[in-house]
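Residue numbers (my numbering): 40 to 477. Even glycine gets a Cβ: it sits at the ideal position worked out from N, Cα and C.
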Ligand SMILES: Cc1cc2nc3c(=O)[nH]c(=O)nc-3n(C[C@H](O)[C@H](O)[C@H](O)COP(=O)(O)OP(=O)(O)OC[C@H]3O[C@@H](n4cnc5c(N)ncnc54)[C@H](O)[C@@H]3O)c2cc1C
């Protein structure tokens, strides 16, 4: 018997044992049982739940999500740039929970996949199948002095709903001097967000005739992970006369002296460099949530260890993961989660029905790189940095149409199509693209 078949049989046996137990000894049972438990009701979790229930209304799907609000995080860049108020990107969680799903408003503290159990603050929940998507953890504490400094005296970050409005306050009231924008050494959600806000800020500084030195201090060695898009961004920073400082990893904020301390990697090792700031936008380090890191589901780096094509866990056959918390080696975005969701759903249903796991994820992700108030590069790519444009246009170019897509169309699509489990719009464009490219 293959290991997957063996694991599937274990799942079935474990479920049978529970059913048998329930008629004899209910005290020994976990508090609740659901056929499919989804950990995290964010972009990925709600999309998966909606698609599962669209495919089969009879499924017993529970979503464990502690927050009573749902956030459209890509909108936080627009908030930081004064394009929209934060209220536009917040909805009640109950309004996005798909009809037919059970919402367990709680936080998972521990995963016990050998027992098919998740432990929440209020008890145990047993599952037959588990989908893990609790997002990424923001490690504010890893930058000394940051937590205390945030939200005042020009220290801000769009990576929190609490500070994105302050980013706009800071930008519009900036009186001049050094405006620093950082990018950390860890994987982050939306790899372009640390610099999108910088281009918006630069536009405002110029229109306010403020004498600003804008600096992009990144722990990386280039502007972006995909060379074609990176080359376009090189032109953007050159045109704007933005100072780029590569291999600069922010370590500390000294708020009293307005200094940002970087660990700078050089050919001879690492040296400490202090830069004065008059405002600083910090993209903090991030990692897998601690309860994932410390669980048997974690693989290298602490992420949920899944097959990069099927999204099935590499050791626990009844577990799938997607979104920011997964090990999928692609850029972490809501757009990526959108393309991962149908693969997870297809393969999970195939597993339930004892069919082969035939759906495959190609690593698609998309980062709409806003390069100013009227332009964006729609950076779509798949595994290996392969360009994957949805439109029959050169994707490396800055376009007004792509700015409109980012600022106006994508938020609407998120609330009205993605979270409702509807299909990926660009798939409709595929046949047209093929014809145009001939
Ligand atoms: C400033 C910014 C700009 C961005 N720009 C873009 C963009 O332009 N395009 C794009 O596609 N993406 C963008 N993103 C990234 C995008 O928002 C994420 O990649 C996406 O939300 C990931 O979906 P997810 O479901 O994995 O995680 P999330 O959407 O973060 O959802 C995770 C959910 O899990 C819940 N959770 C956490 N811990 C637990 C627990 N212990 N138990 C139960 N539930 C838990 C959380 O409350 C949350 O609701 C941006 C993000 C930010 C912050």
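Identified DSSP bridge partners for residue i
{"i": "residue 311", "result": "302"}
{"i": "residue 438", "result": "415"}
{"i": "residue 385", "result": "Paired residue(s): none; residue 385 is not in a bridge."}
{"i": "residue 164", "result": "71, 157"}
{"i": "residue 326", "result": "176"}
{"i": "residue 38", "result": "The requested residue 38 does not occur in the structure, where the chain is confined to residues 40 to 477."}
{"i": "residue 409", "result": "415"}
{"i": "residue 32", "result": "Outside the displayed range of the chain (40 to 477) lies residue 32, so it cannot be described from this structure."}
{"i": "residue 318", "result": "218"}
{"i": "residue 345", "result": "352"}
{"i": "residue 404", "result": "420"}
Cα-Cα separation between residue i and residue j, rounded to whole angstroms
{"i": "residue 132", "j": "residue 258", "result": "35 Å"}
{"i": "residue 280", "j": "residue 265", "result": "22 Å"}
{"i": "residue 402", "j": "residue 96", "result": "29 Å"}
{"i": "residue 90", "j": "residue 301", "result": "44 Å"}
{"i": "residue 230", "j": "residue 106", "result": "25 Å"}
{"i": "residue 390", "j": "residue 410", "result": "44 Å"}
{"i": "residue 459", "j": "residue 371", "result": "21 Å"}
{"i": "residue 195", "j": "residue 388", "result": "43 Å"}
{"i": "residue 400", "j": "residue 346", "result": "10 Å"}
{"i": "residue 119", "j": "residue 213", "result": "13 Å"}
{"i": "residue 297", "j": "residue 252", "result": "15 Å"}
{"i": "residue 354", "j": "residue 168", "result": "14 Å"}
{"i": "residue 153", "j": "residue 339", "result": "19 Å"}
{"i": "residue 322", "j": "residue 232", "result": "8 Å"}
{"i": "residue 87", "j": "residue 374", "result": "13 Å"}
{"i": "residue 423", "j": "residue 161", "result": "42 Å"}
{"i": "residue 381", "j": "residue 83", "result": "10 Å"}
{"i": "residue 468", "j": "residue 395", "result": "29 Å"}
{"i": "residue 256", "j": "residue 98", "result": "48 Å"}
{"i": "residue 312", "j": "residue 276", "result": "22 Å"}
{"i": "residue 249", "j": "residue 412", "result": "17 Å"}
{"i": "residue 398", "j": "residue 462", "result": "15 Å"}
{"i": "residue 207", "j": "residue 165", "result": "45 Å"}
{"i": "residue 71", "j": "residue 383", "result": "24 Å"}
{"i": "residue 116", "j": "residue 267", "result": "23 Å"}
{"i": "residue 379", "j": "residue 143", "result": "23 Å"}
{"i": "residue 185", "j": "residue 192", "result": "12 Å"}
{"i": "residue 406", "j": "residue 417", "result": "6 Å"}
{"i": "residue 481", "j": "residue 101", "result": "Since the first and last residues shown for the chain are 40 and 477, residue 481 lies out of range."}
{"i": "residue 175", "j": "residue 366", "result": "11 Å"}
{"i": "residue 273", "j": "residue 263", "result": "9 Å"}
Exposure of residue i, with buried meaning 16 or more beta-carbon neighbours within 10 Å
{"i": "residue 180", "result": "exposed"}
{"i": "residue 360", "result": "buried"}
{"i": "residue 377", "result": "buried"}
{"i": "residue 260", "result": "exposed"}
{"i": "residue 333", "result": "exposed"}
{"i": "residue 197", "result": "buried"}
{"i": "residue 209", "result": "buried"}
{"i": "residue 271", "result": "buried"}
{"i": "residue 362", "result": "buried"}
{"i": "residue 342", "result": "buried"}
{"i": "residue 393", "result": "exposed"}
{"i": "residue 306", "result": "exposed"}
{"i": "residue 235", "result": "buried"}
{"i": "residue 241", "result": "buried"}
{"i": "residue 404", "result": "buried"}
{"i": "residue 336", "result": "buried"}
{"i": "residue 439", "result": "exposed"}
{"i": "residue 455", "result": "exposed"}
Where residue i falls: helix, strand or coil (DSSP)
{"i": "residue 242", "result": "helix"}
{"i": "residue 126", "result": "helix"}
{"i": "residue 365", "result": "strand"}
{"i": "residue 79", "result": "coil"}
{"i": "residue 289", "result": "strand"}
{"i": "residue 335", "result": "coil"}
{"i": "residue 269", "result": "helix"}
{"i": "residue 254", "result": "strand"}
{"i": "residue 378", "result": "helix"}
{"i": "residue 177", "result": "strand"}
{"i": "residue 281", "result": "coil"}
{"i": "residue 398", "result": "coil"}
{"i": "residue 421", "result": "strand"}
{"i": "residue 390", "result": "helix"}
{"i": "residue 458", "result": "coil"}
{"i": "residue 432", "result": "coil"}
{"i": "residue 445", "result": "helix"}
heavy atom of ligand 2 below 6 Å from residue i C-beta
{"i": "residue 335", "result": "Looking for ligand 2 in the displayed structure turns up nothing; the ligands present are ligand 1."}
List in chain order: all unbroken beta strand (DSSP E) runs of 3+ residues lying wholly within the segment 88-155. 100-103, 108-110, 129-131, 141-143, 147-151
Kindly provide the ranges of any alpha helix (DSSP H) runs that are 4 or more residues long and lie completely inside the segment 182-237, ordered along the chain. 185-188, 203-211
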